[in-house]
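K.L.:
Just dropping this structure here.
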Amino acid sequence: MGNCCRSPAAVAREDVKSSFSDHHAKRAAAGDSSAAGGIGGKKKPPPITVLTGVPKENIEDRYLVDRELGRGEFGVTYLCIDRETRELLACKSISKRKLRTAVDVEDVRREVAIMRHLPRSPSIVSLREACEDDNAVHLVMELCEGGELFDRIVARGHYTERAAAAVARTIVEVVQLCHKHGVIHRDLKPENFLFANKKENSPLKAIDFGLSIFFKPGERFSEIVGSPYYMAPEVLKRNYGPEIDIWSAGVILYILLCGVPPFWAGNYITMSQDYYISISASSSLFVH
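full-length UniProt numbering puts the first residue of the sequence shown at 1, with every later residue one more than the last.
Here you go:
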């Protein structure tokens, strides 16, 4: 076991250095095909370029890339450290091998464009920079170490009205900020909100704009995207606008107060049923 008196940041920095060296040693010993120009001597096709106006560079020249923090359909998020400042950050690496269509490539470009477009806010994870190499697009962001909102709901069972109000305020701020700047998030859910640290009163931040889209007033969309529990009826009807984020925010608030989704086995759970935790009439009215 390590020295428990050392700071987590110090331990992480040494872990990164060690794993970084081990990683390259293993690649060299295995004869990594990416360094040899392909398997069997075959010439690989030139890599696609996703980001415009961004020079290609090896992410590991500027950052020490460490352990995996999480993964999604296209990307894997790692702990990383800025080599110059020693700041702990998060790096979401999106493999180009998974970008099989022009739509996939455009989705990544849009995600980066939206994160750059939105103003800095304590309620949204900030993008440090976006870069790419031959293998992946890398989004370097601030590190949130407090875990998902989803996990805290599970641990508590449900939130008190006062605690839920604080979380709801952050979610509403995110929705308001996005819509004010012409962005629909389209995938608001507890898994896409992270706490900055493990403290009870930690700031909460929205993440993952991979399904987000720019919109203009009056514009309607038909693409079905999002997560089923939090998806507004308008999405399934293929005729929606920014109002779908408000629906998703309401579902999250219901889960905060009740500990269960409002829709279960095809039925709507009303607030008078046994599933519901006793709350004030004003909270009940607000959720409805």
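Backbone N, C-alpha and C fix where the C-beta goes; we use that ideal spot for every residue, glycine too. The model shown is predicted, which means the values in this text are computed figures rather than measured ones.
(1) What would DSSP say about MET231, mapped onto helix, strand or coil?
(2) Name the DSSP bridge partner or partners of SER95?
(3) What is the residue span of the beta strand (DSSP E) that TYR240 lies within?
(4) Given this structure, state the Cα-to-Cα distance separating PHE215 from ARG156, to the nearest angstrom.
(5) Look at the alpha carbon of GLY259 and the alpha carbon of ASN192, and state the distance between them as a whole number of angstroms.
(6) Could you tell me which uninterrupted alpha helix (DSSP H) segments, each at least 4 residues in length, are contained entirely in the stretch 58-117, listed from first to last along the chain?
(7) From the DSSP output, in three-state form, read off PRO56 for me.
(8) Of the residues PHE263, ASP133 and ASP151, which one's Cα is nearest the Cα of ASP61?
(9) Three Cβ pairs or more, each shorter than 8 angstroms: is that satisfied between the stretch 146-166 and the stretch 104-117?
(10) Looking at C-beta atoms only, is the number of pairs between the stretch 161-181 and the stretch 119-128 that lie closer than 8 angstroms three or more?
(11) Helix, strand or coil, according to DSSP, for ILE207 in the structure here?
(12) Around the Cβ of SER18, are there at least 16 other Cβ atoms within 10 angstroms (buried) or fewer (exposed)?
(13) Distance check for PHE263 and THR77, CA to CA, integer angstroms please.
(14) Skipping 5 residues on each side, what residues in its chain have a beta carbon closer than 6 angstroms to that of SER248?
(15) Can you give me the Cβ contacts of SER212 inside the same chain, cut-off strictly under 8 angstroms, excluding the 5 residues immediately before and after it?
(16) Sort LEU257, LEU51 and ILE224 by Cα distance to GLU129 and report the nearest one.
(17) Out of LYS96, VAL172, VAL140 and SER93, which one is the CA nearest neighbour of SER123?
(18) Which term fits ALA166, buried or exposed, when burial requires 16 or more other beta carbons within 10 angstroms of its beta carbon?
(19) Going by the CB atoms, is the gap between HIS138 and ILE59 shorter than 8 angstroms?
(20) With H, G and I counted as helix, E and B as strand and the rest as coil, what does DSSP make of PHE195?
(21) Report buried or exposed for LEU79, applying the criterion of at least 16 other Cβ atoms within 10 angstroms of its Cβ.
(22) Do three or more CB pairs link the stretch 231-242 to the stretch 196-207 at distances below 8 angstroms?
(23) Taking 8 angstroms as the threshold (C-beta atoms), are VAL175 and ILE94 in contact?
(24) Which whole-angstrom value describes the C-beta separation of LEU194 and GLY147, a residue pair presumed to lie in contact below a C-beta threshold of 8 angstroms?
(25) By a C-beta neighbour count over all protein chains shown, 10 Å radius and 16 as the cutoff for buried, is GLU84 buried or exposed?
(26) Return the chain-ordered ranges of every alpha helix (DSSP H) run that is complete within the stretch 137-182 and spans a minimum of 4 residues.
P.N.:
Walking through what the data contain:
(1) coil
(2) ALA136
(3) Where TYR240 is concerned, there is no enclosing beta strand (DSSP E), given that its DSSP letter is neither H nor E.
(4) 37 angstroms
(5) 17 angstroms
(6) 102-117
(7) As written in the sequence, residue 56 is Lys, which differs from the Pro given in the question. LYS56: strand per DSSP, three-state reduction.
(8) ASP133
(9) no
(10) yes
(11) coil
(12) Its pLDDT being 49, under 50, SER18 is placed unreliably in this model, and the value from its coordinates should be taken loosely. Counting Cβ neighbours within 10 Å, SER18 comes out exposed, since fewer than 16 surround it.
(13) 31 angstroms
(14) LEU188 and TYR230
(15) ARG110, GLU111, ILE114, CYS178, VAL183, ILE184, HIS185, ARG186 and ASP187
(16) LEU51
(17) VAL172
(18) exposed
(19) yes
(20) strand
(21) buried
(22) no
(23) no
(24) 7 angstroms
(25) exposed
(26) 149-156 and 161-180
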